[in-house]
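**Student:** Residue numbering for the sequence shown follows our numbering, beginning at 1 and increasing consecutively. Before we start, here is the structure in question, set down as structure tokens.
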Amino acid sequence: MDTAVELREITIGGMTFRCRVAGPEGGEPIVLLHGFPETSHMWVRLMADLAARGYRCLAPDQRGYSPGARPEGVDAYRTELLAADVIALADACSFGRFHLVAHDWGAGVGWRAVMLYPGRIASWSALSIPHPASYNRAYRDDPDQQQRSQYITFFQAPGVAEEAFAASDWALLKGVWSASDSEEVQEYVSVFTQPDALTAALNWYRAAFGGGEGIAGAGEKVATPTLTIWGNQDTAVGRATTLTAGEHITGYYRFVELDAGHWLVQEAYDRVRDEVFGHIRRFPAVD
């Protein structure tokens, strides 16, 4: 079976998304969403393994990351619009019900998608980010999480974070990617050095956290079968964010704690792969 991961451009709503695709046409569909500051490249290894098992995979460089899908303004990056992109891209690939796998801000978008479009998503695997209502509670009330989240306040000021990230030949961003290999780092640099790309990526934070109370649109319960994987060495997402997550999930829920940091795919690949495989097999995407 061909497990090659290919690049493809998909146009929806006047925007063109750079996407990675893998697996046989007609295979059970899976959409994979990257977070900040990464691209769909983070999923290449998992996509190849999923394709080898007969799944059809789609991983877009999301709004702001794709050169042809980089609208101006903070409001263009509200989570409901990002979630709508996921459904439109799935439609463009003739996916009916599909599995959704996501990390970091991709998981933020994924949570919004399962709230808004539950009938389209057969299973949901969230990496590093628990249910947003649980995250918001810790963001508001837990001193440890407030300390961990100080970077979000830093990201709010237009131009300030951009200048810091770009300084000294992008040294700060390159430091963030310490868990990635050189090929992946070069891929990420090639995106974030494009005009307005970093501002667009930071606008995800500005749109979601602009009200100061945590992630916007976080309150709905989720019935979609859910797997959450969290690393107990994550410097940005502390244990308090996970404690009440199960209260907001009415369907099947599995929580997995790993001895790892934030970059779960790079740091604990085998365990992440096995957990995701097990979850999607348990809940087939049958229309």
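We treat Cβ as the ideally placed atom computed from N, Cα and C, and that holds for glycine.
If you compare alpha carbons, which of SER40, ILE129, GLU220 is closest to ALA240?
**Tutor:** ILE129
**Student:** Between HIS99 and ILE280, how many whole angstroms is the CB-CB distance? I'm expecting something under 8 Å.
**Tutor:** 5 Å
**Student:** The beta strand (DSSP E) with GLU6 in it runs from where to where?
**Tutor:** 6 to 12
**Student:** Taking DSSP as the reference, what is the three-state secondary structure of TRP230?
**Tutor:** strand
**Student:** Roughly how many angstroms lie between the CA atoms of ALA218 and HIS131, to the nearest whole one?
**Tutor:** 8 Å
**Student:** On the CB-based measure, 16 or more other CB atoms within 10 Å of its CB, does ARG63 come out buried or exposed?
**Tutor:** buried
**Student:** Closer than 8 Å by C-beta to TYR151: which residues in its own chain qualify, once you throw out the five before and the five after it? Chain order, please.
**Tutor:** ALA236
**Student:** Can you tell me whether DSSP reads ALA48 as helix, strand or coil?
**Tutor:** helix
**Student:** Decide if the region 84 to 96 is in contact with the region 267 to 278; the criterion is three or more beta carbon pairs, one per stretch, under 8 Å apart.
**Tutor:** Contact between the region 84 to 96 and the region 267 to 278 is absent, because fewer than three Cβ pairs lie under 8 Å.
**Student:** Hey, is the region 94 to 110 in contact with the region 23 to 30, meaning 3+ C-beta pairs nearer than 8 Å?
**Tutor:** Contact between the region 94 to 110 and the region 23 to 30 is present, because at least three Cβ pairs lie under 8 Å.
**Student:** I need the boundaries of the alpha helix (DSSP H) containing ALA88, first residue and last residue.
**Tutor:** 79 to 92
**Student:** Going by beta carbon distance, what residues of the same chain come within less than 7 Å of THR199, once the five residues before and after it are set aside?
**Tutor:** GLU162
**Student:** Which one of GLY110, TYR139, VAL191 has the shortest CA to CA distance from PRO67?
**Tutor:** Answer by Cα proximity: VAL191.
**Student:** Out of curiosity, what's the CA-to-CA distance linking THR228 and TYR253?
**Tutor:** 8 Å
**Student:** What first and last residue would you give for the alpha helix (DSSP H) that runs through ALA59?
**Tutor:** Boundaries around ALA59 are those of the beta strand (DSSP E), 56 to 60, since no alpha helix (DSSP H) includes it.
**Student:** Going by alpha carbons, who is nearest to PRO158 out of HIS41, TYR205, GLN146?
**Tutor:** If we check each option's Cα against that of PRO158, TYR205 comes out closest.
**Student:** What does a CB cutoff of less than 8 Å around GLY238 pick up in its chain, not counting 5 residues either side in sequence?
**Tutor:** ALA138, ASP142, ASP144, GLN145, ARG148
**Student:** Could you round the C-beta distance between HIS41 and GLU187 to whole angstroms and report it? I think they count as a contact, below 8 Å.
**Tutor:** About 4 Å separates the Cβ atoms of HIS41 and GLU187, confirming a contact at the 8 Å cut-off.
**Student:** Which same chain residues end up closer than 8 Å to ALA9 when comparing Cβ atoms and leaving out the 5 residues on each side of it in sequence?
**Tutor:** According to the sequence shown, residue 9 is Glu rather than Ala. Within the same chain, GLU9 has close Cβ partners THR16, PHE17, ARG18, CYS19, GLY68.
**Student:** Hey, how far is the Cα of ILE12 from the Cα of GLN194?
**Tutor:** Near 21 Å, if we compare the C-alpha coordinates of GLN194 and ILE12.
**Student:** Look up ALA102 in the DSSP assignment and say whether it is helix, strand or coil.
**Tutor:** strand
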